[in-house]
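In our numbering, the protein residues as written are 417 to 1049.
Cβ atoms here follow ideal geometry from the backbone N, Cα and C, with glycine treated the same way.
Contents: one structure, followed by commentary.
Have a look at this one:
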């Protein structure tokens, strides 16, 4: 046999292990193809290990800062819409006679067919479709919702517009964080994330100020019209600059219509989990309706409608949980693999990561405290202190400025130190103290006190808000970031929607009981129907101080709730882990499991090959002995 023959010859192995060794590579390769040979989109092909992801190409120079500017503006207007109606609510309720709809003006934006149910789905959309175009489509939906709100002729139309804007807002939030993840290395990303989130938080806390200015100097409708020119700037910048992708996406150019249809069908049927999305949406909407309607004159808590909604939400949630578990543990097929449960709306392997669920819980609680502060501090100033919308907005400046300053300062420190956990602990602690002090507000609280309380609460929130995002981005692989960030955004928006609705229920129920205690001669329904600023015109002068005290005490009850949530966020941050984001992470839990499984396959094949070699050696030895015996004979 020649040297060439020796190099090319393949030994024939007879054991089952040999078949494994010979076919493993081919089987893994074949899993990338559908039955007729058409290649599955790259996003569906197994690529969960860190080594399989291509080296990222980051954005630098002027283009980097233009993208950061665009993302900051987009996130700003998205977060602005969460609170800008806070100071406009009294005028809106006066125009539409809709005080009982106050909770919906905020909750519809965040939950009702909007941000909360859409967050996990948007994470999948950003995983399988081009980031730039998905972001622009979501932004267009957000702008459409803003336009509907601006031209609304009824409370119902306004709520519908808020829901449409929330639908777009779901993609904006997740898209912003996904794009940020691909702009720069994680250590530098801390500063960029801090800038974007600082500006975004500025939108939440500045919303009441801008809303007051628009309401008093123009009309409350400009609270929504303002998004349109900002949107034009954002869309232009995103269109003109290349946005890097975290992972390879489905190719569109040069593909036949049949190929595109096949790719879309694969993604929509086997990755989006639309069944899970609609079932989950039904559960969340029923829960929100129960919280929003419960405790009113028309629907007391023990009414059949409210009980039915709670039961329906619970049963639907159980159905969704069972479905999501099934989809997470579906084994897939050779043609369509189900890596890490990604066929489910919320993949349980990713959701079980301690950093992911701890960060989502912390964000859930923190967003609730942020929204409650923005809404109810404005109500306190306009009712208990008789401030105009503009004045109440100015009075919130201590919270705005402290939150922005500490968001940027803590992000700069994290990028240099590498550790986010100390800032998470400090931020939640200071926020808990500040929010607890806000629960002591009264109609006669000195100016220095309410300024200091806001500085503490705002500064604490600024320190901690970006920590869960950085922790999750460090904990998961690049091709899992969109889904993981979607879970975190889901926690934020559920916190903003459900907790705001609960806070509104606490406020309404407390106001009725406080009015009976401090203004017994006043009909609570008359005060509530008049609105937060117009009650002075329908209440006798002698009863006004009692009504003011009732409003102040009711706001305090909300801050009790917000303080408890801040404490919950403190304990949740323990799960973020003590990690240095400057150090390149090793394989994730999922990647390590897959590597271990692959190693086991190789070991089995190697052992089988060794067994065959040993068997062949024994046969050769036996044959040699026989030959020697024959020679002796």
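Apart from the 5 residues on each side of it in sequence, residue 891 sits with its Cβ closer than 8 Å to the Cβ of 769, 771, 772, 900, 993, 995, 1001 and 1004 in its chain, given in chain order.
Under a 10 Å Cβ-count criterion, residue 745 is classified as exposed, with fewer than 16 other Cβ atoms of the shown protein chains found around its own Cβ. One thing to note: residue 822 has its Cβ no nearer than 9 Å to the Cβ of residue 783. Checking the DSSP bridge columns, you'll see residue 835 partnered with 996. Residue 857: not part of any alpha helix (DSSP H); DSSP gives it neither H nor E. The alpha-carbon of residue 629 is positioned some 38 Å away from that of residue 717. When secondary structure is reduced to three states using DSSP, residue 689 falls in the coil class, being assigned neither helix nor strand. The C-beta separation of residue 688 from residue 537 comes to about 7 Å, placing the pair in contact by the 8 Å criterion. The alpha carbon of residue 663 has as its nearest neighbour, out of 633, 632, 711 and 594, the alpha carbon of 594. With fewer than 16 other CB atoms across the displayed protein chains lying within 10 angstroms of its CB, residue 474 is exposed. The residue from 485, 547, 539 and 638 with its alpha-carbon nearest to that of residue 508 is 638. Between residue 553 and residue 506, the alpha-carbon positions lie close to 33 Å from each other.
Shown here, residue 820 sits in a helix according to DSSP, grouped into three states. Taking the CA atoms as reference points, residue 555 sits about 32 Å from residue 741. Closest option to residue 863, judged by alpha-carbon separation, among 852, 813, 885 and 842: 813.
No Cβ-Cβ contact shorter than 9 Å links residue 496 with residue 612. Distance from residue 859 to residue 800 at the Cβ level is roughly 5 Å; contact confirmed, criterion being Cβ atoms closer than 8 Å. When C-beta atoms of the region 893–908 are compared with those of the region 919–933, fewer than three pairs fall below 8 Å, so the two segments do not count as touching. Of the other Cβ atoms in all chains shown, fewer than 16 fall within 10 Å of the Cβ of residue 734; this residue is therefore exposed. In this structure, residue 790 lies near residue 624, with their beta-carbon atoms less than 9 Å apart. Look at residue 503 here: in three-state DSSP terms it is coil, with no helix or strand label.
As the crow flies, the alpha-carbon of residue 488 is around 29 Å from that of residue 990. Between residue 819 and residue 617, the gap from beta carbon to beta carbon is short of 9 Å. Nearest C-alpha to residue 986 among 543, 592, 876 and 726: 876. Distance from the CA atom of residue 567 to the CA atom of residue 947, rounded to whole angstroms, is 22 Å.
Counted as a single uninterrupted DSSP element, the alpha helix (DSSP H) harbouring residue 924 occupies residues 897–934.
A Cβ-Cβ separation of about 17 Å leaves residue 912 out of contact with residue 815 under the 8 Å criterion. Residue 685 and residue 869 have their C-alpha atoms some 51 Å from each other. Ranked by how close their Cα comes to the Cα of residue 490, the residues 559, 817 and 720 have 559 in first place. DSSP, reduced to helix, strand and coil, places residue 518 within a helical segment of the structure shown.
Following the DSSP letters along the chain, one finds residue 548 inside the alpha helix (DSSP H) bounded by residues 547–566. The C-beta distance from residue 590 to residue 898 rounds to 7 Å, short enough to fall under 8 Å. Counting only residues of its own chain and dropping the five nearest sequence neighbours on each side, residue 484 has a CB closer than 7 Å to the CB of 608, 611 and 612. Between residue 578 and residue 598, the gap from beta carbon to beta carbon reaches 9 Å or more.
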